[in-house]
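Novice: Supplied in structure tokens, the structure appears directly below.
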């Protein structure tokens with residue numbers, strides 16, 4: 287047996303294993319103080335409850351603690367195993383500097399700091415009526431409501447005929463529509479098929495201009511609604527001529543603060559939060575000295 291051991295001791299593999307074990311034991315003895323802290327993982331209830339919240343993507347500490355208490359022994363151990371596995375991988379990745387020069391990790395950390403820079407909004411004095419009125423006065427143009435119109439139209443295309451010929455056809459049809467008192471809901475029986483809609487109910491000026499062109503939009507809103515149901519036009523668009531039955535029109539306007547107080551308050555609070563975050567980030571940036579070696583001016 288002793289002869290076998292002596293023979294085995296001469297083998298390179300055996301020598302390699304022994305040297306490896308000695309190195310590990312020596313490293314543990316030399317760095318024994320580090321293993322008492324750096325290589326310890328605490329898994330108390332608070333840590334596990336926070337881990338549960340992260341896993342569930344909720345932030346209810348009381349509920350997490352209650353759920354943790356209700357776990358069976360096996361479920362708690364599985365939770366501990368999951369947490370320890372992730373913590374070990376995280377620490378070892380940091381030890382290898384795997385977080386450096388990683389654009390994804392960099393972006394995530396920036397997002398977290400950006401979130402933290404928002405501060406604690408609950409500690410900020412709430413906006414009062416004076417603040418709200420001042421904000422509304424400074425931004426009232428942003429709340430402007432677009433002009434809207436309700437109308438139907440009969441379309442005469444100029445694609446297969448000249449502009450003048452199609453204009454004559456539109457004038458002739460206009461007389462017929464008014465003589466026969468054609469109502470709103472019968473417009474589809476006349477004219478030609480249009481690329482977009484036949485009826486436009488409370489549609490805003492931007493949409494109308496996008497369908498017919500800005501010149502048509504301007505002429506339409508220059509008209510007055512007809513209470514007697516008279517057809518008007520023809521108005522030229524990018525596609526041809528249109529006979530219009532305009533029933534209602536609302537010019538562009540700015541709502542009063544009373545009408546949109548809730549919207550204005552939300553916007554004012556959002557601006558306040560943005561300003562707080564901007565100030566917090568500027569404060570952080572002021573701590574750093576910026577050096578540009580390529581521009582010494």
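Numbering (the numbering used here), first residue to last: 287 to 583. All C-beta atoms in this analysis are idealised placements derived from N, C-alpha and C, irrespective of residue type, glycine included.
Report the residue from 487, 455 and 457 whose alpha carbon sits nearest the alpha carbon of residue 470.
Specialist: Answer by Cα proximity: 487.
Novice: Please state if the CB of residue 530 and the CB of residue 437 are separated by a distance shorter than 8 Å.
Specialist: Taking 8 Å as the Cβ cut-off, residue 437 and residue 530 qualify as a contacting pair.
Novice: Look up residue 389 in the DSSP assignment and say whether it is helix, strand or coil.
Specialist: Note: residue 389 maps to helix in three-state DSSP.
Novice: At the level of alpha carbons, what is the spacing between residue 571 and residue 544?
Specialist: Going from the Cα of residue 571 to the Cα of residue 544 covers about 41 Å.
Novice: Quick check on residue 469: does DSSP put it in helix, strand or coil?
Specialist: If DSSP states are grouped into helix, strand and coil, residue 469 belongs with coil.
Novice: Taking DSSP as the reference, what is the three-state secondary structure of residue 511?
Specialist: The answer is coil: DSSP assigns residue 511 none of H, G, I, E or B.
Novice: Here's the rule I'm using: 16 or more other beta-carbon atoms within 10 Å means buried, otherwise exposed. How should residue 500 be labelled?
Specialist: Per the 10 Å Cβ criterion, exposed.
Novice: List the endpoints of the continuous beta strand (DSSP E) containing residue 351.
Specialist: Looking at the DSSP string, residue 351 is not in any beta strand (DSSP E); the run it does join, the alpha helix (DSSP H), is 347 to 355.
Novice: Could you check if residue 369 is buried or exposed, using at least 16 other CB atoms within 10 Å of its CB as the buried criterion?
Specialist: By the 10 Å Cβ count, residue 369 comes out buried.
Novice: Work out the CA separation of residue 335 and residue 341 for me, nearest whole Å.
Specialist: Approximately 10 Å between the Cα atoms of the pair.
Novice: Is residue 420 near residue 540, with beta carbons less than 8 Å apart?
Specialist: No, Cβ-Cβ distance for residue 420 and residue 540 is not below 8 Å.
Novice: Check the C-beta distance from residue 520 over to residue 457 and give it rounded, since I have them as a contact under 8 Å.
Specialist: With a Cβ gap of about 7 Å, residue 520 and residue 457 count as contacting.
Novice: At what residue ranges does the stretch 398 to 467 contain a whole run of the beta strand (DSSP E), taking only runs of 3 or more?
Specialist: Correct list: 434 to 443.
Novice: Indicate the three-state DSSP secondary structure (helix, strand or coil) for residue 573 in the structure shown.
Specialist: The answer is coil: DSSP assigns residue 573 none of H, G, I, E or B.
Novice: To which residues does DSSP link residue 534 through a beta bridge?
Specialist: In the DSSP output, where bridge partners are listed per residue, residue 534 has 436.
Novice: What does a CB cutoff of less than 8 Å around residue 557 pick up in its chain, not counting 5 residues either side in sequence?
Specialist: Answer for residue 557: 421, listed in chain order.
Novice: Measuring only the C-alpha atoms, how far is residue 574 from residue 388?
Specialist: Roughly 22 Å between the two C-alpha positions.
Novice: So, using beta-carbon positions, are residue 443 and residue 525 closer together than 8 Å?
Specialist: Yes.
Novice: Just to confirm my understanding: we take residue 522, look at its own chain, exclude 5 residues before and 5 after, and list those with CB closer than 6 Å. What are they?
Specialist: Nothing listed; no residue qualifies.
Novice: Can you find at least 3 beta carbon pairs, one from the stretch 324 to 331 and one from the stretch 370 to 383, that sit closer than 8 Å?
Specialist: Touching, yes, given that three or more Cβ pairs across the two stretches are closer than 8 Å.
Novice: Which residues mark the beginning and the end of the beta strand (DSSP E) in which residue 479 is found?
Specialist: Element bounds for residue 479: n/a, residue is neither H nor E.
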